[in-house]
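One structure is given here, and the rest of the page talks about it.
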Amino acid sequence: MAIQWYPGHMTKARRLIAESMPSQDVIIEVLDARMPRASENPVVAELRGQKPCIKVLNKSDLADPAVTTAWLRHLEAEHPAPGEASREAPPGGKVLAIAISATQSSEARRRIPELCKRLAPPKNGPGKVVRAMIVGIPNVGKSTLINTLMERKVAKVGDEPAVTKSQQLVTLKSGMAISDNPGILWPKIDDEAASFRLGVGGAIPDTAIDYQSVALFAAGYFLRRYPELLVARYKLKELPETAPALIEEIGRRRGCLRSGGAVDLHKASDILVHDFRAGRLGRISLEEPPGLEPPSGIEESA
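Going by this note's numbering, the sequence shown opens with residue 44, and the numbers climb by one from there.
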């Protein structure tokens, strides 16, 4: 499922970020803890160049905690400090990573400004403050993070992508200046697995994806990686062998039937995807860093 689009607000968002980047000391890239690599925008890496970055793994309360810990180590190891760089490290400045959730507001308010100051170049003279920019893909929680850092609602939030439409600058109690930007996706997503993960997680508008294909991808992955959570959520007597069979079983158990008794696959797919997005299945990560590849053996589709 390769996705290609050119919405106007994405182009505008990219331009705003590009124009503001030179004046920033630190970049705060908000990632979805359930899919850190898929939600890592290559456009952001291109625009920030050698500027230091904090990778914030948001929604960590919805992700597999062991996998999140592995991602934190991996992201920091990819971008070691100057003088420690390896030949395998991708280009870019020093990176620090932190995982946060909706229940860790005080922790986020304490640690993120602290990490920004650690990464920011030394500033001399009166009135010199650290400037940081929050960036990320749509619906990953950038505006929620702004509100958390400000300890009040200053940015609009919502469950749909592209809620933030324009750039916003705020000043924290510490004096640090933070700018919030609209979420941007890269124009064409060629990595099929990444596009499926983004679709399952809600970063791509539902109108731009094949809903049943996305649900089949999720079903296959959950069967391989988190079968016990499926059994518990849908009260399954035995685990279906394939992704299509799981979708059918969910539809039957939730009454998603057409006339004649056939399962409405779209409604069943909707249930599975939204159960995942809301965390009703349990703590699930959609991808692992190298070295933590999930087991194989069950088909993702048929």
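Even for Gly, the Cβ is constructed at its ideal location relative to N, Cα and C.
If one requires a minimum length of 4 residues, the alpha helix (DSSP H) runs lying completely within the stretch 228 to 269 are 235 to 244 and 254 to 268, in chain order. Leaving aside the five residues that flank ARG154 on each side, the residues in its chain whose CB is nearer than 7 angstroms to its CB run, in chain order, ILE141.
Annotated as distal: THR111 and SER148, with beta-carbon spacing of 8 angstroms or more. A Cβ-Cβ distance of about 5 angstroms is found for the pair VAL178 and VAL87, placing them in contact under the 8 angstroms criterion. In this structure, the straight-line span from the alpha carbon of GLY136 to that of ALA81 is close to 20 angstroms. Taking C-beta atoms under 8 angstroms as the contact rule, LEU162 and VAL69 qualify, at a distance of about 5 angstroms. Collapsing the DSSP output to three states places LEU100 in a strand. Within the DSSP bridge table, the entry for ASP223 names ILE177 and GLN211 as partners.
For LEU90, the uninterrupted alpha helix (DSSP H) segment begins and ends at 85 to 91. Straight-line spacing of the CA atoms in ASP253 and ILE314 works out to 15 angstroms.
The residues ASN224, PRO225, GLY226 and ILE227, in chain order, have a CB closer than 8 angstroms to that of ALA56 in the same chain once the five nearest residues on each side in sequence are set aside. Rounded to the nearest whole angstrom, the C-alpha separation of ALA145 and LEU74 is 14 angstroms. Excluding sequence positions up to five before and after LYS196, its CB lies within less than 6 angstroms of the CB of ASN190, all in the same chain and listed in chain order. For the 8 angstroms CB-CB criterion, ILE232 and TYR269 do not form a contact. Boundaries for ASP75: no alpha helix (DSSP H) harbours it, while the beta strand (DSSP E) harbouring it runs 69 to 75, taken from the DSSP string. Per DSSP, the unbroken beta strand (DSSP E) holding ILE141 starts and ends at 138 to 142.
By the neighbour-count criterion, in which 16 or more other beta carbons inside 10 Å mark a residue as buried, ALA258 falls on the buried side. Under DSSP, VAL306 takes part in a beta bridge, and its partners are LEU300.
The Cβ atoms of VAL99 and ILE143 lie closer than 8 angstroms to each other.
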